[in-house]
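What the sequence shown shows, in this note's numbering, is residues 7 to 165, in sequence order.
Notes follow the structure.
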Amino acid sequence: CLANDVILACLQACLKQAQASWKRDKPQIHFSGERYETPEEAQARARIQEGVRSSSVRVYTRKATKYKTRLDALDELLKDSTLTTFTRRKWEFAWDIVHNLGKDGQSSEDTDRDDDELPLVTTVPYYRRRIVGELLQEVDREAARLQWKAATLKGKHAV
Numbered sequence: 007c008l009a010n011d012v013i014l015a016c017l018q019a020c021l022k023q024a025q026a027s028w029k030r031d032k033p034q035i036h037f038s039g040e041r042y043e044t045p046e047e048a049q050a051r052a053r054i055q056e057g058v059r060s061s062s063v064r065v066y067t068r069k070a071t072k073y074k075t076r077l078d079a080l081d082e083l084l085k086d087s088t089l090t091t092f093t094r095r096k097w098e099f100a101w102d103i104v105h106n107l108g109k110d111g112q113s114s115e116d117t118d119r120d121d122d123e124l125p126l127v128t129t130v131p132y133y134r135r136r137i138v139g140e141l142l143q144e145v146d147r148e149a150a151r152l153q154w155k156a157a158t159l160k161g162k163h164a165v
């Protein structure tokens with residue numbers, strides 16, 4: 007079912023992560039190369055690594071949630087038989103964009119700039135970014151509307 011090189015790459019990534027987490031609190035050779043780190047230096051390095059890891063997990067979780075929410079909303083919107091041809095084509099186009107971007111393509115200013123000082127740099131021309139951004143904002147509004155509609159049908163109060 008999976009190619010051998012894919013399985014090998016997954017195993018190597020798991021082993022690398024396990025080795026990094028095992029060695030995280032252990033003293034390593036100091037950057038000067040003349041001595042081992044003190045326990046305090048090793049703990050400080052471990053705290054920094056843990057902060058970076060938790061930040062990347064938080065960002066990836068947000069991106070994955072946003073991706074799933076958008077795809078679910080678009081699937082629900084495309085099920086509607088009363089859509090006009092133009093509206094149906096718009097949602098199909100949005101579905102293609104979201105699907106092709108994948109989880110990693112769901113970045114936005116809030117997901118990429120939580121704790122970082124640097125702004126998000128894009129290489130997409132402004133006119134294209136603006137069109138796609140507006141379309142994805144509309145998808146997000148529709149997803150929120152569908153979520154609110156589902157909650158009211160279940161008798162839950164909006165928060």
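Every residue gets a Cβ at the ideal spot worked out from N, C-alpha and C, and that includes glycine.
The structure displayed is predicted, hence computed values, not measured ones.
- Among 52, 84, 97, which has the Cα closest to the Cα of residue 144? 97
- Cα-Cα separation, residue 54 to residue 8: 36 Å
- Message: Is it buried or exposed, residue 41, if we count other Cβ atoms within 10 angstroms and call 16 or more buried?
- Response: exposed
- Query: Could you give the distance in angstroms between the alpha-carbon of residue 142 and the alpha-carbon of residue 39?
  - Reply: 50 Å
- Does the Cβ of residue 72 have 16 or more other Cβ atoms within 10 Å, making it buried, or fewer, making it exposed? buried
- List the DSSP bridge partners of residue 35. 42
- Check whether the Cβ atoms of residue 84 and residue 104 lie closer than 8 Å to each other. no
- Message: Using beta carbons (cut-off 8 Å, strictly below), is residue 156 in contact with chain B?
- Response: In summary, chain B is missing from the structure at hand, where a single protein chain is found.
- Query: What do you get for residue 14, buried or exposed, if any count of 16 or more other CB atoms within 10 angstroms of its CB means buried?
  - Reply: exposed
- Mapping DSSP to helix, strand and coil, what is residue 153? helix
- Which class does residue 57 belong to by DSSP, given the choice of helix, strand or coil? helix
- Message: Distance check for residue 90 and residue 12, CA to CA, integer angstroms please.
- Response: 43 Å
- By a C-beta neighbour count over all protein chains shown, 10 Å radius and 16 as the cutoff for buried, is residue 21 buried or exposed? exposed
- Item | Distance between residue 64 and residue 112 (C-alpha atoms, nearest Å) | 13 Å
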